[in-house]
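> The opening position of the sequence shown corresponds to residue 73 in my numbering, with each subsequent residue numbered one higher. We put the beta carbon where it would ideally sit given N, CA and C, even for glycine.
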Amino acid sequence: MPAELIDADGRLPLPWLAAPLVRALGAARGHALLLCAAPGLGARALALGLAQSRLCEAPGAEGVACGRCAGCRLVQARAHPDLLVLLPENERRETGWLLADDKPEGDDARRKPSRQIRIDDVRGGLDWIHKTAARGRGKMVVLHPAEALNPHAASALLKTLEEPPAGTRLVITCSDPMHLLPTVRSRCQQLVVPPPEAAVAEAWLAGQGIADAGVLLAACDGRPLDVLDWRQRGIDAARWAALPSQLVAGRPGVLAGASVPQAVELLLKVCHDALAVAAGGGGRYFAAMQMPGGLSLPALAAWRDELLRLARTAEHPWSEALAVDALVAGACRALGGGADERGSAAREPGGPHARDGRAPTSPRRAS
Ligand SMILES: [Zn+2]
73 MPAELIDADG RLPLPWLAAP LVRALGAARG HALLLCAAPG LGARALALGL AQSRLCEAPG
133 AEGVACGRCA GCRLVQARAH PDLLVLLPEN ERRETGWLLA DDKPEGDDAR RKPSRQIRID
193 DVRGGLDWIH KTAARGRGKM VVLHPAEALN PHAASALLKT LEEPPAGTRL VITCSDPMHL
253 LPTVRSRCQQ LVVPPPEAAV AEAWLAGQGI ADAGVLLAAC DGRPLDVLDW RQRGIDAARW
313 AALPSQLVAG RPGVLAGASV PQAVELLLKV CHDALAVAAG GGGRYFAAMQ MPGGLSLPAL
373 AAWRDELLRL ARTAEHPWSE ALAVDALVAG ACRALGGGAD ERGSAAREPG GPHARDGRAP
433 TSPRRAS
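#1: If the criterion is Cβ atoms closer than 7 Å, does the pair residue 481 and residue 379 meet it?
#2: Using a threshold of 7 Å, state whether the C-beta atoms of residue 262 and residue 108 are closer than that.
#3: In three-state terms, what does DSSP make of residue 131?
#4: Ligand 1 and residue 132: does the residue's C-beta get closer than 6 Å to at least one heavy atom of that ligand?
#5: Enumerate in chain order the residues of its own chain whose CB-to-CB distance from residue 201 is below 8 Å, with the five nearest sequence positions on each side excluded.
#6: Does residue 126 come out as helix, strand or coil in the three-state DSSP assignment?
#7: On a Cα-Cα basis, can you pick out the residue from 223, 295 and 112 that is closest to residue 194?
#8: Any heavy atom of ligand 1 closer than 6 Å to the beta-carbon of residue 283?
#9: Near residue 249, which residues of its chain fall below 7 Å by C-beta distance, leaving aside the five closest residues on each side in sequence?
#10: Give the range of the beta strand (DSSP E) segment to which residue 194 is assigned.
#11: So what does residue 108 bridge to, in DSSP terms?
#12: Please name the residue in 292, 364 and 358 whose C-alpha comes closest to that of residue 334.
#13: So, residue 131 versus residue 162, is the Cβ gap smaller than 7 Å?
#14: For residue 158, which beta-bridge partners are listed by DSSP?
#15: If we call anything under 7 Å between Cβ atoms a contact, is residue 127 one with residue 147?
#16: Taking DSSP as the reference, what is the three-state secondary structure of residue 252?
#17: Identify which residue in 406, 398, 382 and 309 has its Cα closest to the Cα of residue 347.
#18: Let me check understanding here. Comparing Cα to Cα, which of 160, 120 and 104 lies closest to residue 86?
#19: Go ahead and pull the three-state DSSP assignment for residue 113.
#20: Is the distance from the Cβ of residue 409 to the Cβ of residue 366 below 7 Å?
#21: Cα separation between residue 96 and residue 298?
#22: If you reduce the DSSP assignment to three classes, tell me which class residue 241 lands in.
#23: Taking residue 392 as part of the alpha helix (DSSP H), name the residues at either end of that continuous run.
#24: Short of 7 Å in beta carbon distance, which residues of its chain neighbour residue 198, apart from the five on each side in sequence? Order them along the chain.
#25: Got a sec? Which residues, its chain only, sit under 8 Å from residue 141 by beta carbon, not counting five neighbours each side?
#26: Which residues in the same chain have their Cβ closer than 7 Å to the Cβ of residue 81, if we skip the five residues on either side of it in sequence?
#27: Between residue 151 and ligand 1, is the CB less than 6 Å from at least one heavy atom?
#28: Given this structure, state the Cα-to-Cα distance separating residue 277 from residue 288, to the nearest angstrom.
#29: Look at the alpha carbon of residue 429 and the alpha carbon of residue 360, and state the distance between them as a whole number of angstroms.
#30: Beta carbon of residue 189, beta carbon of residue 158: below 7 Å?
#31: Which ranges does the alpha helix (DSSP H) cover as unbroken runs of at least 4 residues, wholly within the segment 268-301, from first to last along the chain?
#32: Can you tell me which of 313, 295 and 259 puts its alpha carbon nearest to the alpha carbon of residue 267?
#33: So, using beta-carbon positions, are residue 285 and residue 274 closer together than 7 Å?
#34: Considering only C-alpha positions, which residue in the set 255, 303, 76 and 337 is nearest to residue 104?
#35: Kindly indicate the opening and closing residues of the alpha helix (DSSP H) around residue 312.
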């Protein structure tokens with residue numbers, strides 16, 4: 073996981089966040105700011121950088137944290153008395169932003185950490201907010217992401233958004249503000265974080281040891297942290313390009329190691345392009361030649377609905393491996409594959425298209 077705080081040289085770890093940070097520092101007139109950023113752009117790092125800058129005791133000209141003062145060092149040590157970071161439990165464990173009531177790792181290692189921000193997490197925070205700020209620069213609450221708030225936690229938070237104690241500021245992140253309670257949305261000033269320019273993202277990824285990231289960056293909608301995550305999960309450009317043909321062939325291990333949400337995310341992209349190609353358009357994530365021939369729009373539409381339904385289910389009670397195998401089988405059926413009368417040999421990239429009279433060339437664009 074890349075660093076997320078402003079370092080001792082005053083540098084942001086994710087360079088494309090520099091401009092949004094300055095905008096956030098200039099724009100935050102109210103007490104609550106909602107940072108709207110797609111996943112994979114570093115919303116958590118931006119919220120933390122904003123909190124660090126507000127708590128910095130010697131900020132630069134544009135208000136960005138210096139990275140060296142006592143306030144910055146306390147934030148870097150995750151020990152600043154005026155900073156509360158509310159994350160889902162799984163992210164707290166991953167990043168070290170533990171809450172006072174979190175047991176040290178090991179005590180409850182057998183339980184899977186929650187992906188939600190729960191009412192108890194928020195309640196503890198609300199008590200903390202009403203105590204006096206220790207270092208005189210007010211208090212900062214970072215809440216990431218708003219989508220992880222369960223309904224009880226969201227309504228507890230609402231009260232604070234209505235009447236926050238003087239000197240307290242909240243930074244809330246979300247990927248889609250339309251999915252938030254309108255009452256939460258209306259109490260926050262909103263700031264949209266755009267994806268970085270491709271050159272900036274590719275240069276940063278090269279610095280992370282990922283050369284030629286262009287294909288994966290396009291496959292990830294321009295989100296650099298998603299590319300990093302994919303590469304750590306063993307997905308490179310070649311494996312990505314081969315995914316549709318592997319699914320058609322019904323290879324059970326094609327999504328091995330993926331969680332259900334990760335598998336659903338990948339399959340939604342295959343499904344999106346299969347629908348586009350079946351409707352006579354071009355692909356967004358794959359070249360049209362990488363899609364199988366003979367696609368059925370009704371079968372693909374039903375598959376998309378099923379994937380979207382699964383995408384809305386946050387927690388999955390069944391075995392992940394079995395569920396991912398079932399997803400691969402469903403993908404194979406929807407894409408018209410299977411080992412029945414066709415056989416997988418004819419399903420390698422390019423094969424079916426020649427048979428269907430479709431030229432195996434670059435992606436065709438819808439006119
Ligand atoms: Zn500082």
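Walking through what the data contain:
#1: The question about residue 481 has no answer, for the chain in this structure spans 73 to 439.
#2: yes
#3: In this structure, residue 131 counts as coil in the three-state DSSP scheme.
#4: no
#5: Non-local beta-carbon contacts of residue 201 in its own chain, meaning distances under 8 Å to residues more than five positions away in sequence, involve 156, 211, 213, 232, 236, 237 and 240 in chain order.
#6: helix
#7: 223
#8: no
#9: 106, 108, 257 and 262
#10: Per DSSP, residue 194 belongs to no beta strand (DSSP E); it is in the alpha helix (DSSP H), 191-201.
#11: 246 and 264
#12: 292
#13: no
#14: 215
#15: Taking C-beta atoms as the reference points, residue 127 and residue 147 count as a pair closer than 7 Å.
#16: coil
#17: Per the Cα distances, 406.
#18: The shortest C-alpha separation from residue 86 is found at 120.
#19: coil
#20: No.
#21: If I take the Cα positions, the gap works out to 23 Å.
#22: strand
#23: Per DSSP, residue 392 belongs to the alpha helix (DSSP H) from 392-406.
#24: 228 and 232
#25: 128, 129 and 130, listed in sequence order.
#26: 139
#27: no
#28: 11 Å
#29: Legend: pLDDT at residue 429 = 36, less than 50; position of this residue unreliable, no value from coordinates given.
#30: yes
#31: 270-279 and 286-291
#32: 295
#33: yes
#34: 255
#35: 309-320
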